[in-house]
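Residue numbers (UniProt numbering), protein chains in the order written: chain W, 1 to 334; chain U, 1 to 334. Note that CB positions come from ideal geometry on N, CA and C, so glycine has one too.
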Ligand code: HEC
Ligand code: HEC
Ligand code: HEC
Ligand code: HEC
Ligand SMILES: [Ca+2]
Ligand SMILES: [Ca+2]
Ligand SMILES: [Ca+2]
Ligand SMILES: [Mg+2]
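The structure is reproduced here in structure tokens:
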């Protein structure tokens, strides 16, 4: 099916030739975010950066999905509450709105459902939804923002996660060199990147990494031709379904901004993109690429780095006398 | 001396009357930052936000001096490498360029000298200067920036701390309502704030909290009329000099943005500004203020919240294959 559609696209391309404003390819450009409710996005941005949604008062969404670093923490596994080691690599939040579901195993249907997870996860923010909502409800500027955006006097976790999700939807990265090339600017990417993209299609990477996010739209088994050897105990989708056929099925990660989201794979075991490309070709496609091919493919992957979301560091409204205090150290626990 | 100068100012004020563009007071407005080397400031900003200056790859200057939260962490004592509890409350970096010296005990002469401390402090970023410099030297964009700004191919800790300090010098907060009032806009602050300011001068707070930073320009004993009771073992300046006369002498903190820099005092023991005002009046001046006075003084202190530094979240250049990897968990240590 993949081969067919590539063929069909090739034909239509040669017809359209230079007149076409946009190439027909298995990868489509990222569309810029359309903001319909700026106040909601602004509120979500504050919440994303607010460490008071954690028990310690120290960890925010941005701690593990650092928007200065491609929306990830660039660690093999995350540091959570009390310096606990997380179970799995932190995926980027960039373009996560394009995912068919959230988390490596897809256990959250959408961004709003996802956002409730980390706040109450004892390994991550270590808090509870009630306590987090209690903190927000004690801060008049937050109360006012929720009133303005949701027309309600009572904040619940639903508005909190909705606002965060709405902010996350703005975290798309359009206008990558590769997108400029897709849109007809032949000089936007190097000859190496072009050769790498050709190879990316030819060897079959696009079977799993396609669409605007170059991934994010299917679950696939990691290790089709060779087993993926790892210490990490994650089972993938099988952890949810209990079905042995789902063992080691993970959501195919987006390759958008993959230059920034090292280390790679669900266990964060590979730091270099070249290594990740080599692993993929061998394990998923039974192909051993040579050094030049790997280098070309890496050049292509780097052309997927788009415009990073740019906005002013958000200002957080101060706590009040009524705000429950953070509990950074256990000995201070109630 | 204080009384004399206040008197002198009062006289000159009544002469200048409404013609004066700026009132003569023991507190002067904050001047906006003058940026002479924008590239250096930009580099310093990246370094301030870069967690790769820490052993774990997780903690940046901004972790403990969060510019979304008044340049502090709003915790009694900071969370450092491996979730270690810091020894003392984290002061704001806002307006810290106005301090006569850095740290509660003044042990660093200036911002550049200060900036070397946390990187190599095992309780804070847990790294070494050599390793931090090694990380930067492995990242071509950083190498280029240091080349552009310092005209050198060899990064040393001196350029790193110089750039950070240059960024910190831009973290001033001009145009607070109180400054607008000082500059002649009578409506910029409330009647309560005006009454609070009058009281602030009358009872003698300005003896220690004066100048543009409303503090930061002298070391003073904490607990003059009554002892300050605390579990915190910090000795203040005596920790440096060994002189018993210096026991419990701390740098007088700036009261600029004090609304944002809770909890208060070197041990972070007081969360509410009203309580801090009460403690100060009793311990430093032997005065018991009534509720209305405290409320007025707090209204004045809140009028010292200035324009917070506003800039886009900095983008950090990605690590390379040559970049030493972070060591977030000890079991991964070399
Ligand atoms: C302590 C680290 C940590 C914190 C804090 C954290 N996350 Fe995550 N995040 C992770 C990890 C690890 C995963 C992957 C978990 C999994 O797939 O099982 C993840 C997954 C996600 C995903 C799914 C991305 C994808 O492609 O599947 C989104 C979206 C996300 N986080 C957003 C958030 C938001 C919003 C917050 C704050 C409310 C937050 N995260 C807080 C570490 C963290
Ligand atoms: C059969 C499906 C499939 C094919 C074909 C495939 N991939 Fe993947 N890719 C995945 C899955 C699943 C993962 C996540 C695996 C994991 O983390 O354990 C992944 C992960 C990656 C990653 C790491 C992304 C990250 O952020 O961690 C890169 C890079 C990558 N693939 C590139 C490629 C390249 C290049 C090819 C072709 C040579 C390719 N993939 C072929 C399914 C596939
Ligand atoms: C783990 C928490 C933590 C980190 C990380 C941290 N600081 Fe600090 N900072 C503190 C604490 C606590 C103090 C007060 C220490 C003292 O006075 O003994 C302080 C003091 C300061 C001061 C002095 C302010 C004053 O008024 O005296 C400045 C300036 C400063 N830090 C800047 C930085 C910079 C720049 C970095 C990064 C290179 C940094 N800090 C990293 C916690 C931290
Ligand atoms: C004799 C000197 C002196 C006088 C007078 C004085 N202060 Fe202070 N002030 C200090 C010192 C020193 C500290 C830091 C003490 C510590 O942290 O242990 C401080 C701290 C504070 C703080 C907490 C700031 C922070 O960020 O932690 C506030 C608020 C404050 N003073 C307000 C006042 C008010 C209001 C008055 C008058 C009622 C006053 N001060 C009078 C020396 C003084
Ligand atoms: Ca990763
Ligand atoms: Ca100097
Ligand atoms: Ca404080
Ligand atoms: Mg929904």
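- Relative to the non-hydrogen atoms of ligand 7, the Cβ of residue 95 of chain W never comes closer than 7 angstroms to any of them.
- The residue from W:51, W:88 and W:107 with its alpha-carbon nearest to that of residue 241 of chain W is W:107.
- By the criterion of at least three beta-carbon pairs nearer than 8 angstroms, the region 161-179 of chain U is not in contact with the region 268-284 of chain U.
- About 26 angstroms separates the beta carbons of residue 216 of chain U and residue 43 of chain U, which is beyond the 8 angstroms limit, so they are not a contact pair.
- Between residue 76 of chain U and residue 267 of chain U, the CB-CB gap stays under 8 angstroms.
- DSSP, read as helix, strand or coil, puts residue 121 of chain W in coil.
- Residues of chain U whose Cβ lies closer than 7 angstroms to the Cβ of residue 329 of chain W are, in chain order, 85.
- Listed along chain W, the residues sitting closer than 9 angstroms to residue 308 of chain U by beta-carbon distance are 313 and 315.
- Per DSSP, the continuous alpha helix (DSSP H) segment holding residue 178 of chain U begins and ends at 177-182.
- Counted as a single uninterrupted DSSP element, the stretch harbouring residue 311 of chain W is not any beta strand (DSSP E), since DSSP gives it neither H nor E.
- Short note on residue 264 of chain U: C-beta closer than 7 angstroms to some heavy atom of ligand 7.
- What you get when you keep residues with a C-beta closer than 5 angstroms to any heavy atom of ligand 5 is W:89 and W:261.
- In this structure, ligand 7 has no non-hydrogen atom nearer than 7 angstroms to the beta-carbon of residue 306 of chain W.
- Just so you know, the alpha carbons of residue 70 of chain U and residue 96 of chain U end up roughly 12 angstroms apart.
- For residue 326 of chain W against residue 57 of chain W, the beta-carbon gap comes to about 3 angstroms, under 8 angstroms, which counts as contact.
- Judged by their CB atoms, residue 164 of chain U and residue 316 of chain U are not nearer to each other than the 8 angstroms cut-off.
- DSSP, read as helix, strand or coil, puts residue 236 of chain W in strand.
- In this structure, residue 54 of chain U lies away from residue 72 of chain U, with their beta-carbon atoms at least 8 angstroms apart.
- Under the rule that a run must span 3 or more residues, the beta strand (DSSP E) segments found entirely inside the region 188-233 of chain W read 219-221.
- At a cut-off of 8 angstroms between C-beta atoms, residue 175 of chain W does not count as an interface residue with respect to chain U.
- If you check the CB distance, residue 190 of chain W and residue 281 of chain W do not come in under 8 angstroms.
- Taking the beta carbon of residue 90 of chain U as reference, no residue of chain W falls within 9 angstroms; the closest one sits roughly 11 angstroms away.
- In this structure, residue 250 of chain W lies near residue 219 of chain W, with their beta-carbon atoms less than 8 angstroms apart.
- Ligand 2 never approaches residue 98 of chain W closely enough for any of its heavy atoms to be under 7 angstroms from the residue's Cβ.
- If only complete runs of 3 or more residues are kept, the region 33-76 of chain U shows no beta strand (DSSP E) anywhere.
- Against chain U, the CB of residue 319 of chain W has a partner CB under 8 angstroms away; the residue lies at that interface.
- By the Cβ rule, the region 78-85 of chain U counts as touching the region 121-130 of chain U, because three or more pairs are nearer than 8 angstroms.
- Residue 286 of chain W is a Cβ neighbour of residue 225 of chain W, given a cutoff of 8 angstroms.
- Taking 8 angstroms as the cut-off between beta carbons, none of the residues of the region 122-139 of chain U comes near chain W.
- Between residue 232 of chain U and chain W, the shortest Cβ-Cβ separation is not below 8 angstroms.
- Taking non-hydrogen atoms of ligand 1 into account, the C-beta of residue 80 of chain W is found less than 7 angstroms away from one of them.
- Taking a contact as a CB-CB distance under 8 angstroms, the pair residue 188 of chain W and residue 256 of chain W does not count as one, their CB atoms being some 16 angstroms apart.
- Restricting attention to U:310, U:176, U:243 and U:180, the CA atom closest to the CA of residue 259 of chain U is found in U:176.
- Cβ-Cβ separation between residue 228 of chain U and residue 248 of chain U: approximately 7 angstroms, consistent with a contact (criterion under 8 angstroms).
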